[in-house]
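For our numbering, add 1242 to where a residue sits in the sequence shown, where the first one is 1.
In this text, a Cβ means the ideal position worked out from N, Cα and C, and glycines have one as well.
Source: prediction; values computed, not measured.
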Amino acid sequence: MGWLVTKYLITAAVVVLVSEVAKRSDRLGGLFAALPLVTVLALIWLYVERQPQVKIANHAWYTFWYVVPTLPMFLAFPVLLPRLGFWPTLLACVVITVVCFWLFALLVRRFGIELL
1243 MGWLVTKYLI
1253 TAAVVVLVSE
1263 VAKRSDRLGG
1273 LFAALPLVTV
1283 LALIWLYVER
1293 QPQVKIANHA
1303 WYTFWYVVPT
1313 LPMFLAFPVL
1323 LPRLGFWPTL
1333 LACVVITVVC
1343 FWLFALLVRR
1353 FGIELL
């Protein structure tokens, strides 16, 4: 139980750090947010918990493929925000991401990569 609480605290601290940095500097906050900090932490947690190397490698492999269809959201958000406001923009970006993910999954399936 103590280990789980430790994982929560460290992971939450990373998210809070990124948001605090973003308040002070748009560019530095964006850089911190773009770093795969959550993925690195997940890989560390998997390793420390003695998960098989195949499982750790698969986590990194699928993370790569799941990140690609999220990228259009980061272009759409600043364009939509002044037009729609925060919550509608966030909702639109979720829809954009889901559609992009679905289309991307169909595309990469042709190359033998199963994401769904």
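task: Assuming P1311 and F1353 form a contact by the criterion Cβ under 8 angstroms, report the distance between their Cβ atoms to the nearest whole angstrom.
output: Contact flag wrong, Cβ pair sits at about 15 angstroms.
field: Member of A1318, V1341, L1279, L1273 whose CA lies at the smallest distance from the CA of A1302
entry: L1279
field: First through last residue of the alpha helix (DSSP H) which encompasses V1336
entry: 1328-1351
- prompt: Who are the near neighbours of A1264 in its chain, counting only those whose CB is closer than 6 angstroms to its CB and skipping five residues on each side?
  reply: Close CB contacts of A1264 within its chain, under the 6 angstroms cut and outside five residues either way in sequence, are with G1271 (chain order).
- request: Have a look at A1255, L1357, I1252, S1267 and flag the residue whose alpha-carbon is nearest the alpha-carbon of V1340.
  value: L1357
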